[in-house]
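Reading through the structure tokens given below for one structure.
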Amino acid sequence: MYNRSLHRSLALAASVTVTGAFAARVYRQQEEEEEAGRPASLQHHHNPLLLQSPAPLTKHIHEPVPSLPSFFLSPRPPAACAAAPVPGLPAGIPEFHQVQQPATDPADTDSIVFRMQKYFTTASLEEVAKFKKEKAGVKIYTVKEGSIPDPAIGGRKTGLPVARIGEAVINAPLEQVATLWWVFNGRILWDKVNTLASEVVEEYKNARLVYIKGTPKPMISSRDFVFVSHKVPAGDLGGSFGAQAFVQTNAANSLPENSGAVRGNINSIILLEPVDGYTTRVRYVCEIEPKGWLPTMAVEAAADDLPGVLGVMKAHLESEATEDAEALVRRRASLREKDHTHPLLVDSVTASREDLLALKKLLQTKLEEAKRDEKKLNLSLAELKSKIQNDLKKVEARLRAGGK
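Read left to right, the sequence shown gives residues -23 to -1, 1 to 381 (mature numbering (1 follows the signal peptide of the UniProt record, and there is no 0)).
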């Protein structure tokens, strides 16, 4: 059984920053109505600055995403807005680091992990799920029971009505996959297939409140979702050494509804495990309630699209790796003459012993670099290595002959 009291006791009170003056007033009113019955460990300590309209700080924040309601865009203090380079994303996508109070109860995260745990600890998904199809390198499964049962209450279904499981192997280092998943502000840049808007609304310690608006599909108008994404110990899901895990807990009521979309509910977990230094195995379990009236066929199609995001991520990261490899080959080719075969470097009759020793060390370093690049990018650099080795032999022969 998951430990609710432990997680509740860890939920320290902190000031809540709500996006925009309008949303601040809405949340303040709601919280004042609920405050009397809330446990002391979870009570918010309000910041009086929330009642003031903050001065615009647009130069410290990325450009607003089109179609995202303006009150979702929260000005942050300049000190919190230093942009960090993100692998797989264009430069300029900032990461914000604020410590506040999560919008969901920590016990919600524990409950979702407990209900979905067997889909990660089971080696073969066929034991607990039914294979449906494979698309874009992603194997998609349905839950045998239709929706995810709760073992804590005899297998009754207490979660959302439709569930899917996706599994894929992505040819990219785990850190790149994890960063691409965690930086929700950049999702619209690499997943235009499924995303109209994506925004980190609030930052917490190891968690963030996220708003995502999906693209409309045949028979399905646009849906949007609000959830808190948490970094959790991968060991709770049977993850191997070096694995990372993220739990998304539904927080649909945390933001005002957008008139341009139907607000749905979603819970999910993604587990990333390293196969080796350059390959990542991904398993993603999600459950949704799309809300609004939809024919059954449309609901099933929408559910299939959720694990489909792994295919978009896989294509994006692997295409970047291919481009990097091609650029490396071109760079190596362009530098080969200058670095390895130029007579002034290898065959110069005026080179001193010190020059030759320095050149030997340089060539040995370049040979090691070529070997690392060959393994990392899964390329054959045999010709380049052969050229460096030949130059090394020349230098070593001259050193044995007396240095000139």
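Every residue, glycine too, gets a C-beta built ideally from N, C-alpha and C.
| task | For L361, name the three-state secondary structure that DSSP assigns. | result | Residue numbering aside, residue 361 sits at position 384 when the sequence shown is read from its first letter. For L361, the three-state secondary structure derived from DSSP is helix.
| field | Start-end ranges of the alpha helix (DSSP H) lying completely within the segment 112 to 196, minimum 4 residues | value | Taking only runs of at least 4 residues, the alpha helix (DSSP H) segments lying wholly in the segment 112 to 196 are 151 to 159, 164 to 167.
| request: Assuming A184 contacts V160 (C-beta within less than 8 angstroms), just tell me the rounded distance between them. | output: Counted from its first residue, the sequence shown places residue 184 at position 207. Counted from its first residue, the sequence shown places residue 160 at position 183. At roughly 14 angstroms, the Cβ-Cβ gap does not stay under 8 angstroms, so A184 and V160 are not in contact.
| Any chance the segment 176 to 194 sits against the segment 213 to 220, with 3 or more Cβ pairs inside 8 angstroms? | The segment 176 to 194 is not in contact with the segment 213 to 220.
| field | Own chain partners of A279 with C-beta closer than 6 angstroms, once the 5 adjacent residues on each side are dropped | value | Translated into positions along the sequence shown, residue 279 becomes position 302. Within the same chain, A279 has close Cβ partners I197, P267.
| said: By the three-class DSSP mapping on this structure, what secondary structure does F218 have? | reply: Taking the sequence shown and counting its residues from 1, one reaches residue 218 at position 241. Looking at F218 - three-state DSSP - the assignment turns out to be coil, as it is neither helix nor strand.
| message | At the level of alpha carbons, what is the spacing between I246 and T226? | response | Within the sequence shown, numbered from 1, the residue matching residue 246 stands at position 269. Within the sequence shown, numbered from 1, the residue matching residue 226 stands at position 249. In this model, I246 and T226 are separated by some 9 angstroms (Cα to Cα).
| For M274, does the count of other Cβ atoms within 10 angstroms reach 16, so buried, or fall short, so exposed? | Position 297 of the sequence shown holds residue 274. Burial check for M274: the Cβ neighbour count within 10 Å stays below 16, so the residue is exposed.
| message | My output table needs one value for S206: the three-state DSSP class, helix, strand or coil. | response | In the sequence shown, counting from the first residue as 1, residue 206 sits at position 229. The answer is strand: DSSP assigns S206 an E or B state.
| said: With a threshold of 8 angstroms on Cβ separation, who are the neighbours of Q366 within its own chain once the five nearest residues in sequence on each side are excluded? | reply: As a first step, residue 366 must be located in the sequence shown, where it is residue number 389. L344.
| said: If you reduce the DSSP assignment to three classes, tell me which class T257 lands in. | reply: For the purposes of this step, residue 257 is identified with residue 280 of the sequence shown, where counting begins at 1. When secondary structure is reduced to three states using DSSP, T257 falls in the strand class.
| message | Among Y96, P150, I243, whose alpha-carbon lies nearest the alpha-carbon of G143? | response | For the purposes of this step, residue 143 is identified with residue 166 of the sequence shown, where counting begins at 1. Residue Y96 holds the alpha-carbon nearest to the alpha-carbon of G143 among Y96, P150, I243.
| said: Please tell me whether A238 and D201 are closer than 8 angstroms, where the distance is taken between their beta carbons. | reply: Here residue 238 is taken as the residue at index 261 of the sequence shown, counted from 1. Here residue 201 is taken as the residue at index 224 of the sequence shown, counted from 1. By the CB criterion at 8 angstroms, A238 and D201 fall inside the cutoff.
| query | Opposite D201 in the DSSP bridges: which residues? | reply | Your numbering for residue 201 matches position 224 in the sequence shown. K190, R240, per the DSSP bridge assignment.
| field | One or two residues paired with N227 in a DSSP bridge | value | Locating residue 227 in the sequence shown gives position 250, counting from the first residue. Per DSSP, the beta-bridge partners of N227 are F204.
| field | Where G379 falls, given that 16 or more other Cβ within 10 Å makes a residue buried | value | In the sequence shown, residue 379 corresponds to position 402, counting from 1. Answer is exposed; the Cβ neighbour count stays below 16.
| query | Of the residues K353, E295, L287, A100, which one's Cα is nearest the Cα of Y255? | reply | On the sequence shown, residue 255 is found 278 positions in, with the first residue counted as 1. Taking the Cα of Y255 as reference, the smallest distance to any Cα among K353, E295, L287, A100 is reached at K353.
| request: Check V105 in the structure and name its three-state DSSP category. | output: Looking up residue 105 in the sequence shown gives position 128. Secondary structure at V105: coil, using DSSP grouped into helix, strand and coil.
| field | Option in A129, Q94, A359, S101 with minimal Cα separation from P210 | value | Here residue 210 is taken as the residue at index 233 of the sequence shown, counted from 1. The residue with the shortest Cα to Cα distance from P210 is Q94.
| Neighbourhood of S175 by C-beta distance below 6 angstroms, restricted to the same chain and skipping five residues each side | Here residue 175 refers to the residue found at position 198 of the sequence shown. Once the five neighbours on either side are set aside, the close Cβ partners of S175 are F161, R164, I165, I189.
| Contact belief for A220 with E250 at Cβ below 8 angstroms, rounded distance in angstroms | In the sequence shown, counting from the first residue as 1, residue 220 sits at position 243. In the sequence shown, counting from the first residue as 1, residue 250 sits at position 273. The pair is a contact, with the Cβ atoms about 4 angstroms apart (cut-off 8 angstroms).
| query | Quick one: Cα of A155 to Cα of L333, how far? | reply | Mapped onto the sequence shown, residue 155 falls at position 178. Mapped onto the sequence shown, residue 333 falls at position 356. About 45 angstroms.
| request: Going by CA-CA distance only, name the one from F223, A140, N235 that's closest to L173. | output: Residue 173 sits at position 196 when you count from the first residue of the sequence shown. The option with the nearest alpha carbon to L173 is N235.
| message | Using CA atoms only, rank isn't needed, just tell me which of I125, V90, R240, E179 is closest to K107. | response | For the purposes of this step, residue 107 is taken as the residue at position 130 of the sequence shown. Closest option to K107, Cα to Cα, is I125.
| field | Paired residues, beta bridge with L249 - DSSP | value | The sequence position of residue 249 within the sequence shown is 272, counting from 1. Under DSSP, L249 shares a beta bridge with Q221, V259.
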